[in-house]
Each structure stands twice: as structure tokens, then as C-alpha cells.
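Reviewing the structure listed below.
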Amino acid sequence: MNAVTRPRYTPTLRLLHWLMAVLIVLAYILIEQRGIFPRGSDGRFAMMQGHFWVGIGVFLLVWWRLMARVRGGTPPITPPLGKVSVIAAKLLHLALYAFFIVMPLLGLATVWTDGKELLIPFTSIALPALLPENEDLAHQLEELHGTIGEAFYWVIGAHVLVALWHHVGRRDDTLKRML
Ligand code: HEM
Ligand code: HEM
Numbered sequence: 050m051n052a053v054t055r056p057r058y059t060p061t062l063r064l065l066h067w068l069m070a071v072l073i074v075l076a077y078i079l080i081e082q083r084g085i086f087p088r089g090s091d092g093r094f095a096m097m098q099g100h101f102w103v104g105i106g107v108f109l110l111v112w113w114r115l116m117a118r119v120r121g122g123t124p125p126i127t128p129p130l131g132k133v134s135v136i137a138a139k140l141l142h143l144a145l146y147a148f149f150i151v152m153p154l155l156g157l158a159t160v161w162t163d164g165k166e167l168l169i170p171f172t173s174i175a176l177p178a179l180l181p182e183n184e185d186l187a188h189q190l191e192e193l194h195g196t197i198g199e200a201f202y203w204v205i206g207a208h209v210l211v212a213l214w215h216h217v218g219r220r221d222d223t224l225k226r227m228l
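50 is the number of the first residue of the sequence shown in our numbering; add one for each residue after it.
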């Protein structure tokens, strides 16, 4: 089967998969590497604001992706997977979609309750906070946001390894459907 006729995810779903994968990696890099700039510096502030907006980008794109996914569905895998693998893949993908929604919401709630500024990019205009300041709640939300972020290193890592295993180990077309 050639590249044109083989079953693949729709162009929109392929574009959004790779675009959002890049955004997620960028969100992690910006927050994990913020320490390269000293506390209170412009560089540190820019890394934080970058993290916020890349995460908000994920939150905006996921709704487009979900609509495209409902319309486009998933192409079949050849040779087909067993029942257990199909269910495991569904659960893993569901967890990733939930992550795209929950992480930005927790991040935004942290920013607002902590009284942090969320500036419109390249301006000094702050967006209004939609939640009142509450230091205790901010700490709890930040903790939860960070813990889920840590846990998803494993989930995302597993996702990438399984995708590569399908390609080089099982030698099916799982990955080709996303290229
Ligand atoms: C999918 C998107 C996101 C991912 C994967 C993500 C990931 C993370 C991770 C792993 C941490 C913990 C870093 C550490 O403890 O060293 C963190 C911290 C944080 N994130 Fe996010 N985040 C996302 C979206 C957002 C959004 C949209 C906002 C706000 C608009 C946000 C605000 C924050 C804040 C305020 C912290 C605490 C950082 C600090 O005060 O030092 N995040 N994020
Ligand atoms: C090198 C890195 C990556 C590779 C090789 C890869 C590969 C794939 C493949 C082959 C599929 C199709 C699986 C199937 O149909 O059963 C897929 C789906 C998916 N990937 Fe990735 N991926 C990568 C990175 C990421 C990242 C970083 C994320 C987000 C954190 C992500 C999120 C998803 C989601 C949510 C799906 C389900 C798509 C759907 O059914 O609508 N991927 N990926």
C-alpha cells in the first residue's frame, strides 16, 4: 500500500498530534529549565509566562482536536491488535486527552489563586484573575499540578515507547498512520 492509499489519521489529527506533542515538550522544558535564570529576573519571568501560554495553547487546541477526532475516528491497524491491547491503548489515549484539559486548568487556577500575573504576550497587560487569592489553595493546586506533571513523564514515556515498539518490534502500521 502506498503513502496515499494506506489508512492514516486525518491530516488535521496528524497535524494536531505533532503540534501538541511539541507544545507539551516545550511546556515541560520552560518550567523545568526556569532555574537557568535567577529568581526575580526577566529571563525567569519570560520562562514562566512562556510555560503558561504554551499550556493555554494546549487547552485551546484540544477542543479542535476532540471535534476532529469525533468526526475522523481512528484508522484500522494492520495486523489488528488483540482485545486487551485495544482497551489498553484506549485508556492511555483517554488519559492523555484528560491531561490536555486538566493540566492547563490546574495551572490557571494556581496562577489566579496565587496572585501571579498572566500577561498578554509581548504586552504588560495582565488578564483578570477569575479566582480570588488564596495562598493555601494555591499551594495545594500547585502541588497537584506538579505531581500530575511528574506522573505523566511516565505515561508519555510509555506512549512513545509503545508507539516505537509497534513500529520496530511488532512491525505493524500503528506509527505510519500518524505520519
Ligand atoms: C499541558 C500543559 C502543562 C504542563 C505539562 C505543565 C507542567 C508543569 C510541571 C511539570 C510543573 C512543576 C515544575 C516543578 O515543580 O519544578 C509545573 C508548574 C507550574 N505550572 Fe504548569 N503545566 C502546564 C500548563 C500550565 C498552565 C496553562 C499554567 C498557567 C496558566 C501553568 C502554571 C504553572 C505554575 C504556576 C507552576 C508552578 C511554578 C512555580 O511557581 O515555580 N501550567 N507545570
Ligand atoms: C516521538 C513521540 C511520539 C510518537 C512516536 C507518537 C506516536 C503516536 C502514534 C503512533 C499514535 C497512534 C496510536 C494508535 O492509533 O493506537 C499516537 C496517538 C496519540 N498520541 Fe502520540 N506520539 C508521540 C508523542 C506524543 C506526545 C508527546 C503526546 C502528548 C503528551 C502524544 C499524545 C497522543 C494522543 C493523545 C494520541 C491518541 C490520538 C487519538 O486517538 O486521537 N503523543 N501517538
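The beta-carbon is built from N, C-alpha and C at its ideal position, and this holds for glycine as well.
All values reported here derive from a predicted model rather than from experimental measurement.
If you look at Thr172, you'll find it isn't in any alpha helix (DSSP H); DSSP assigns it neither H nor E. Contact annotation, Ala138 with Gly104: C-beta distance approximately 25 angstroms; criterion of less than 8 angstroms not satisfied.
Annotated three-state conformation of Leu130 is coil, per DSSP. Counting C-beta pairs with one atom in each stretch, the region 103-120 and the region 186-196 have fewer than three that are closer than 8 angstroms, which means they do not touch.
Residue burial is scored here from C-beta neighbours: Phe171 has fewer than 16 other C-beta atoms within 10 angstroms and is therefore classed as exposed.
The closest heavy atom of ligand 1 lies 7 angstroms or more from the beta carbon of Leu179. Listed in chain order, the non-local C-beta contacts of Leu141 below 8 angstroms within the same chain comprise Val204, Ala207, His208, Val211, local neighbours out to five positions each way being set aside.
A distance below 8 angstroms between beta-carbons, with the five flanking residues on each side excluded, links Glu191 to the following residues of its chain, in chain order: Thr159, Asp163. Val71 counts as exposed, since fewer than 16 other C-beta atoms from the protein chains shown sit within 10 angstroms of its C-beta. Residue Gly99 holds the alpha-carbon nearest to the alpha-carbon of Ile80 among Gly99, Pro87, Arg63.
Bounds of the alpha helix (DSSP H) holding Tyr202 are 184-214. Ranked by how close their Cα comes to the Cα of Ala178, the residues Thr127, His194, Leu157, Leu193 have Leu157 in first place. Of the other Cβ atoms in all chains shown, fewer than 16 fall within 10 Å of the Cβ of Ile136; this residue is therefore exposed.
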